[in-house]
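Note that the protein sequences, when read in sequence, are chains R and F.
Following this note's numbering, the numbering of the first sequence begins with 1 at its first residue and continues without gaps.
Following this note's numbering, the numbering of the second sequence begins with 1 at its first residue and continues without gaps.
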Amino acid sequence: MIYLDNAATTLHKPDQVIEAVVEAMRSLGNSDRGLSSGSLKASRTLYEARLKISELLGCPRADHVIFSQNSTEALNTAINGTIFSKDHVITTDLEHNSVLRPLYRLKKEKEVELSFVPADSKGNLSLESFEELIKPNTKAIICNHASNLTGNIVDLSKISTIARRHGLIFIVDVSQTAGCIPINMEEIGADIICFTGHKGLMGPQGTGGMCVREGIDIKPLKVGGTGVKSYSNTQPVEYPTRLEAGTLNSHGIVGLSAAIDFIQSTGINIISQKETRLMNSFYKGVKDIKGIEIYGDFSLPKRVAIVALNIHDYDSAVVSDVLSDKYKIATRPGAHCAPRMHKALGTENRGAVRFSFSWFNSDEDVNRAVQAVKEIAS
Amino acid sequence: MIEKSLKLIITFPTTTAAIAMEKICLSNKLPGRLIPLPREIDSGCGMAWCSSPEKSKELEQIAKEEGIEISGIYQLFI
């Protein structure tokens, strides 16, 4: 099987990730719960993982790296912990349902006001629109770093400048970019970045988290056991404990830590260049085939390795099924949890077939995918 | 029987800070080890850095330099 659904999850992980998880499952106790050797080993390895993530993502403080199950949990924590009744939020058409649904619920239950920066037919945002939408009660800007549908990367520095100028919290979803391109949250100017461990970072599912700038106050989504201050009726206020109630997925986080070692030893720029080359090779191979419609802006200087397309008027679900069944190529059809993006692209009814590439794909994978698309379109 | 002696106990707001202290002390060859938080300080779980009383200033200084937040420094017979 040729796996080209890496924007959903990277199926192929570095061997050291698998080995690290197996070893962790044989040796780790519960972190921050006492000082037996197993517990201490868990606490130490989690701390090492925080250090590695802070270095990879440019978070100034390792203790402001907070672990969660995935981006969705991190985004729910960030959104519900900073946005309250009758606040106003500016977000965009590029967002995933992990941002949209928490916001829609706040709108319904807490009278939170929402404004959306629209995407054009290429999937690009009008960056000037962010400032035009600011109101007296605007609390935050929430923006995707890269669309999971088009692969377009957003120039966040311009948006963060606007957020800083108006004293707004700037929350960034880096689900599609972490591990795929260099990220520095300080250079971006983000107050909170939310990441998942199982996509570009090549770690296990069930890992992810957020990096929080010093001074940003997030009300916990969950409260509970922390291993410290057990007689206090309230959750400790200090990060990361504040946002990490309950036993963490230490086994998974050890795998994520090993994945980051792999990324750092390989080189994030080397990974980015290979994935970009594979994407461009596929794009060039299919763009002139009769009956192919490709979404997104391939003139952008930086993109993540995603090509979404449709063939003639075929349902994307049918095309993806043929790719899987006949050609043994895994892709993702449908709406990709990005309903507003599909509306902007005009693909609401049939979705799109998404091809997404990783470090573990080859030129041969691309050639076979191009050939399959040609045959389906012929 | 457990024999008691005078010890320096440094506490932290989070276990993450305690682990950070351990890492810094090990890399700088400063004596001590992590222990469960003694009940004389707080009975609510957690961990503390235990060392010799004469190392108090040195440990406090390195924590400050490394940005590790300390909750309290104690000398206890434990």
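For glycine and all other residues, C-beta sits at the position ideal for the given N, C-alpha and C.
All figures in this text were calculated on a predicted structure; none of them were measured in a lab.
Min CB distance residue i to chain F below 9 Å
i      : result
R:P236 : yes
R:A7   : no
R:K290 : no
R:R61  : yes
R:P220 : no
R:K229 : yes
R:T247 : no
R:S37  : no
R:T241 : yes
R:S31  : yes
R:L28  : no
Spatial neighbours of residue i in its chain, beta-carbon cut-off 7 Å, leaving aside the 5 residues before and after
i      : result
R:V370 : F282, G285, V286
R:M1   : K328, A330
R:A8   : R332
R:I83  : V89, L106, V112, K139, A140
R:S31  : S39, A42, S43, L46, L248, S250
R:G225 : A245, G246
F:R33  : C50
R:L243 : I66, T77, I218, P220
R:I376 : I311, V319, V322
R:N124 : N152, D297
6 Å Cβ shell around residue i - same chain, five flanking residues per side excluded
i      : result
R:S358 : N6, T10
R:K122 : D297
R:A49  : I253, S257
R:P118 : D93
Closest by C-alpha distance to residue i, when choosing among the options
i      : options                        : result
R:I263 : R:A8, R:T226, R:Q16            : R:Q16
R:H145 : R:D32, R:H166, R:C180          : R:C180
R:N76  : R:R277, R:A335, R:S98          : R:S98
R:I18  : R:T72, R:I141, R:H198, R:R164  : R:H198
R:G246 : R:I260, R:T266, R:V223, R:V237 : R:V223
R:G200 : R:L57, R:E109, R:A190, R:I294  : R:L57
F:L8   : F:A20, F:T14, F:E54, F:M1      : F:E54
R:I192 : R:M202, R:M210, R:H342, R:K374 : R:M210
R:G208 : R:R44, R:H12, R:Q69, R:Y295    : R:Q69
R:G215 : R:K13, R:A24, R:R61, R:V373    : R:R61
R:S356 : R:R277, R:I311, R:V22          : R:R277
R:H96  : R:I66, R:I142, R:S37, R:K135   : R:I142
R:V366 : R:A352, R:K274, R:H342         : R:K274
R:D313 : R:N349, R:S272, R:R164, R:A74  : R:N349
R:D63  : R:H342, R:I292, R:E238, R:G346 : R:E238
Burial state of residue i, where buried means 16 or more other Cβ atoms lie within 10 Å
i      : result
R:D325 : exposed
R:K107 : exposed
F:L26  : exposed
R:N233 : exposed
F:P36  : exposed
F:L6   : exposed
R:N269 : exposed
R:R354 : buried
R:A373 : For clarity, residue 373 of chain R is Val in the given sequence; the question names Ala instead. With 16 or more Cβ atoms within 10 Å of its Cβ, R:V373 is classed as buried.
R:S71  : buried
R:N361 : buried
Rounded straight-line distance, which links the Cα of residue j to that of residue i
i      : j      : result
R:I169 : R:I90  : 10 Å
R:L114 : F:I24  : 46 Å
R:C337 : F:A17  : 38 Å
R:Y47  : R:L221 : 22 Å
F:L59  : F:K29  : 11 Å
R:D93  : R:P339 : 8 Å
R:A190 : R:G227 : 30 Å
R:S429 : R:F116 : Absent from the structure is residue 429 of chain R, since the part of chain R shown begins at 1 and ends at 378.
R:V318 : R:Y3   : 18 Å
R:L51  : R:K290 : 50 Å
R:I194 : R:I171 : According to the sequence displayed, residue 194 of chain R carries Cys and not Ile. If I take the Cα positions, the gap works out to 8 Å.
F:S52  : F:S71  : 18 Å
R:D173 : R:N148 : 11 Å
F:P38  : R:G34  : 12 Å
R:V212 : F:I62  : 25 Å
R:G334 : R:S316 : 6 Å
R:S175 : R:K229 : 33 Å
Close beta carbons around residue i, own chain, < 8 Å, minus the five adjacent residues each side
i      : result
R:I153 : H145, A146, T177, I181, L300, K302, R303, V304
F:E65  : none
R:I294 : Y283, V286, K287, V307, A308, L309
R:T161 : G189
F:T15  : G46, M47
Residue-chain proximity (residue i, chain R), Cβ-Cβ < 9 Å
i     : result
F:P53 : no
F:G72 : no
F:A63 : no
F:K7  : no
F:K23 : yes
F:I19 : yes
Residue i: CB within 8 Å of a non-hydrogen atom of the ligand GDP
i      : result
R:S121 : By its list of ligands, the structure shown contains no ligand whatsoever, and the ligand GDP lies outside what it can speak to.
Interface residues of the region 31 to 49 of chain F facing chain A [CB-CB below 7 Å]: Judged by its chain identifiers, the structure shown contains no chain A, and its protein chains are R and F.
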